[in-house]
Every structure is written in C-alpha cells, then in structure tokens.
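Shown next, in structure tokens, is the structure this report addresses.
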Amino acid sequence: MDEYINTKMTANPLIVLREEFDDWAILFNPDTGDTYALNPLGVFIWKRLDGTQTVSEITEAIRTSAENVPDEVGKEVEDFLRDIVRLGLASGEKPSS
Amino acid sequence: MNNEPNEIKPFFPLGELYFYLTGDCNLRCRHCWIKPKYLLAGRSSSYLDKTLFAEIIAQAVGLGLSGVKLTGGEPLLHPQIADLIAIVQKGGLRLTIETNGTLCNREIAEKIASVENVFVSVSIDSPDQDIHEWIRGKKGCFFEAVAGVKNLVQFGVRPQIIMTIMHSNKDQLEPLVRLAESLGAGSVKFNILQPTARGEQMFADGEAVDIAELIKLGKWVDEELSKTTKLPLYYDVPLAFRSLKSMFSPKSGNGCHTCGIFRILGVLADGSYALCGIGETVPDLIFGDAAHDPLKNVWENSAVLNDIRAGLPAKLKGVCSECLLKHVCLGSCIAQNYYSNRDLWAPHWFCQEAYNRGLFPASRLRRPPENQPLQEKEKQLPEAKNSGYP
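So the sequences go chain by chain: A and B.
Position 97 (the first sequence) corresponds to 97 in my numbering; numbering is contiguous.
Position 60 (the second sequence) corresponds to 60 in my numbering; numbering is contiguous.
So, in structure tokens, the structure goes:
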C-alpha cells in the first residue's frame, strides 16, 4: 500500500474528458466508444494524472483544496485510481527502489 | 456427422414479462400510447385468460423470470385480477402494477399489499380535477384515482404518481408533487408526451410542449423542485438530457431507469407475444401466440429480438449513433422509434429534434457540431478551493 501512494499516475492520452455544467464529466475512448461518468472529485484527480504527481500528492492536493474532506479520502483516491488503471484509462509508474 | 464446433450463443435471460392484461380500458386518455377500446362500465370483455397467464409464467421461470408487470388497458379491469396477483405471489416474483387507480378499492389494495415485493404506479395528470378528467376522458375519475392511492397507502404500499406533461398541465408539476406528498405517495415520475397512437393526435393538436421548454423544465425539476421534497422525482427524458449527478451520484442520484429491452417481453390481452405494448398498434412487433408457441422458442428464435440483441446499440442511426450514452440509453425506446419510422435503428424523435435544433448537449456527442461549442473547461486548472468535498 505504501508503495502505491508513491506511484506517479498518467492518464491515457487517448481518453477524452468532457466537463459539464455541474462539474461532473464524461470520460470516453473515441476508438471504442466506452464511456464513464466522473464526479467532481474524479475530475479533480483526473486533471492531475500528468505523470508528475504521486497518489499521495494528489490526495494532499484534495485536502488543501476542499473543505470537509473526510479522513478516508486517501483510500477513496486509491480505489478510484485502481479502477481507472484496471479499465485502461490510466497507468502508474512505481518509484524505483 | 457435423464436425463444426458448437456455436456459442450469448444468453439473454427473460427477466420480466409485461402483461397487457386487457384490450379495453375504463378511461380514454388523450395521450395513451396503446389506444385500448373504451369500456363505459363493468369488467373487461377482452382479457388474457387466467390459465394461459399461469402457463406463460411457468414457462418463463425456466428462462430466468424474476418479475412481472401487470398493465393494460387497465389491469384492474381484469375479472380475475386477484387470482393473477396470487399466481405472481405464489411464484415469489417481483410484481409491478401500472394502473389508473380508479378501480383500486380496499379489497384489491389489500391483495396487492400482500405481495412481498411490489411496486405500483398510479397515473394522475394534474392536481386539478377538471384538467385530469379532461386528459383522462371521464368525469369523476380524479377522485377515484385519489381514493385508489389512499387505499394503497392505507395497506402500506406507497405508489409512484405518474404525470404526462402536456400544455394543459405543464405549470402543475409542483402542485402535483404537493398532492403526491399529501397522499403519502412514494415518488413522482414525469413522462414526456410521446407521438404514439393517441399521442400522435395530441401532437397534431398542438398539445405537445416544445422540446426546448421540456429540457428547461427537466433542469428545473432536477435542480430546484427536487430540493423542495423528500419524494424522489423522476423526469423521464432520454439520458442525454439528464445530469450525470442525477443518474450516478450515490447521494442524490436515482439511477438511469432505461428500458430493459434485452430482458423483457410483452404479452398482449389476446395472448400474443410482442416487443411490449407496441404490439397493439404495430403488428410487425408481434412474435407469436402464447396459446400455440412455446415461449422458449419465441424468446430465443424471434428474428426481431435477435436483431435487436445483435445490433443494439451499434446500429443506431442519426444522433443516437453519435451519443456517448448510447450503451446505457439504447435508443431510449426502440418501440417508439420503430412506431415513428418503421426502423428498429431510427434515432429517438426527442433526441433527433433536439440535435437538429442545436439543443442536444454537445458534451454527450462523440463529435460535437462545429457550431456548437462544448461547455467543457478542459484547459483550465480545477478551481476546487473551498468548493467543499463532493
């Protein structure tokens, strides 16, 4: 788990983000048509998947950017990232040991 | 000997049967998409045989059946409705009833309430007696429907109230919600008038509300009206016009509520198997006869059903082919699309007209029109400071 929080994540560049009026967004793969809904937290995270920020840093950015962040936010971020990696929407680079 | 490997066919369970129990109805609603014969008084004279009903269910259980919807015409007109409910109950199946409520007396309400897993919807098109009865075509039916709702509530069933939006009632959404609250209903659903059967005439008469106004009303229901009530509100437009939050938020979302076309089959009052109630007006969408055709054969070998399974949503045309939600929405209503165009893959009329008029949400299209900019903020950094945790 500790290793995962130091992973730097990169969004799949083929995937398109479409933000909507209420800060939710759609992610879709133009090749396959696969489509996913993102809530505002997911959008916040997605925009940070540029290969430079670790999972831990993204979690910290949420803590400093929003109010009333629950203690378990770290687990929520990790679960979300594991899901999008599984779906091929992003990939992670583990730190070299 | 055939050495070809066995073909592996995808399995589609038949999850739910929609029984259009009666070929007649005690109301003559101006917007009805089925157009049953009007029955002034008494019990139905055109209804599904009870024995056949039981046989169909027995066959369907082996195909995956988990629920039954009783609708019409008017299902409570069926002279053996209590027996039919008992058959569903005995089978341990989920029961859904769509009724105009006028015949839901205490006895039948108690019978319905005895089913463990039951959902009932009652149509009330206006909190105003005169408007409701103008739409429904019969004097006195407003208070009968209200009494039907009260009977259900008394026995512990909180029905959904369904209102179809048209010019004559478009300003009454909020009063209808207040009526539903006062009656103890469980939720409210707002339907869009469809250009099917009698609904076609309403469109011709100018009773249909303009799409731009319907879209605006939907946003108002979603963003404002829903905050004034504890009742879940469902505004039944194609998914492209609903906010992602209203569908997917674990806190306030109420699901997609799309047509279960891959897992349902209709049974008409004369025992015909059909796509759904559309078989009443479109014979092309009738697939067999329950009195003669084994259900398994109809369900697995109907050419139309297999076309739909193989082609939906990939073959959808028009704006539906470009919509990012087509895998969930599935063309919104294939029956409606076929009725209007005699083409299973035709786009939904609401979406296509909205697209033609530049009203379709650009963010929901694979390739947004050049003259319709996205509302997206892709290039911006997120402005989440002090926005609160979502």
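Ideal placement from N, C-alpha and C gives every residue a C-beta, glycine not left out.
- For W46 (chain A), not one C-beta of chain B is nearer than 7 Å to its own C-beta.
- For the pair of segments examined, the region 99-115 of chain B was found not to touch the region 164-183 of chain B: the number of CB pairs separated by less than 8 Å stays below three.
- Using a Cβ-Cβ distance cut-off of 8 Å, the region 161-168 of chain B and the region 123-133 of chain B are in contact, since at least three pairs of beta carbons, one from each stretch, lie closer than that value.
- Neighbours of K245 (chain B) in chain A, taken as residues at a C-beta separation under 7 Å, are given in chain order as D22, W24.
- With respect to the C-alpha of P40 (chain A), the residue from A:V77, A:P95, A:N29, A:S91 having the closest C-alpha is A:V77.
- For A37 (chain A), the chain B residues whose C-beta falls within less than 8 Å of its own C-beta are L244, M247, F248, listed in chain order.
- At least one CB of chain B lies nearer than 7 Å to the CB of R18 (chain A).
- Within the model, the alpha-carbon separation for L52 (chain B) versus K9 (chain B) is close to 29 Å.
- Cα atoms of D307 (chain B) and G206 (chain B): separation of roughly 35 Å, rounded to the nearest angstrom.
- Inter-segment contact for the region 57-77 of chain B and the region 17-24 of chain B is present: three or more beta-carbon pairs are separated by less than 8 Å.
- A residue is called buried once 16 or more other Cβ atoms fall within 10 Å of its Cβ, and P347 (chain B) is buried on that count.
- The secondary-structure analysis by DSSP pairs Q53 (chain A) with nothing; it has no beta-bridge partner.
- Counting along the chain, no beta strand (DSSP E) covers T51 (chain B); the unbroken alpha helix (DSSP H) around it starts and ends at 50-61.
- For Y47 (chain B), there is no enclosing alpha helix (DSSP H), as DSSP gives it neither H nor E.
- The beta carbon of K315 (chain B) lies closer than 6 Å to those of W345 in the same chain, with the five residues before and after it left out.
- Ranking A:E57, A:A25, A:D79, A:R63 by CA distance to the CA of S246 (chain B) puts A:A25 first.
- Here I264 (chain B) carries a strand assignment [DSSP, helix/strand/coil].
- The continuous stretches of beta strand (DSSP E) do not include K219 (chain B), which lies in the alpha helix (DSSP H) extending over residues 211-223.
- In the three-state scheme derived from DSSP, where H, G and I count as helix and E and B as strand, E300 (chain B) is classed as helix.
- Nearest to N6 (chain A) by C-alpha distance, out of A:S91, A:V73, A:S56, is A:S56.
- Here Q194 (chain B) is not bridged, per DSSP, to any residue.
- Burial is judged here by how many other beta carbons sit within 10 angstroms of a residue's own beta carbon; G199 (chain B) has at least 16 and is buried.
- Under the Cβ criterion of 7 Å, F80 (chain A) is not counted among the residues facing chain B.
- Closest in alpha carbon position to T281 (chain B), among B:V221, B:E16, B:C32, B:P13, is B:C32.
- The region 314-334 of chain B makes contact with the region 238-245 of chain B; the number of CB pairs closer than 8 Å reaches 3 or more.
- The region 62-71 of chain B makes no contact with the region 221-233 of chain B, as fewer than three CB pairs between them are under 8 Å.
- Three or more beta-carbon pairs separated by less than 8 Å link the region 172-187 of chain B to the region 221-229 of chain B, which places the two stretches in contact.
- The beta-bridge partner set that DSSP reports for V118 (chain B) consists of B:L95.
- The three-state secondary structure of R30 (chain B), taken from DSSP, is coil.
- In this structure, the alpha-carbon of D130 (chain B) lies about 46 Å from that of F12 (chain B).
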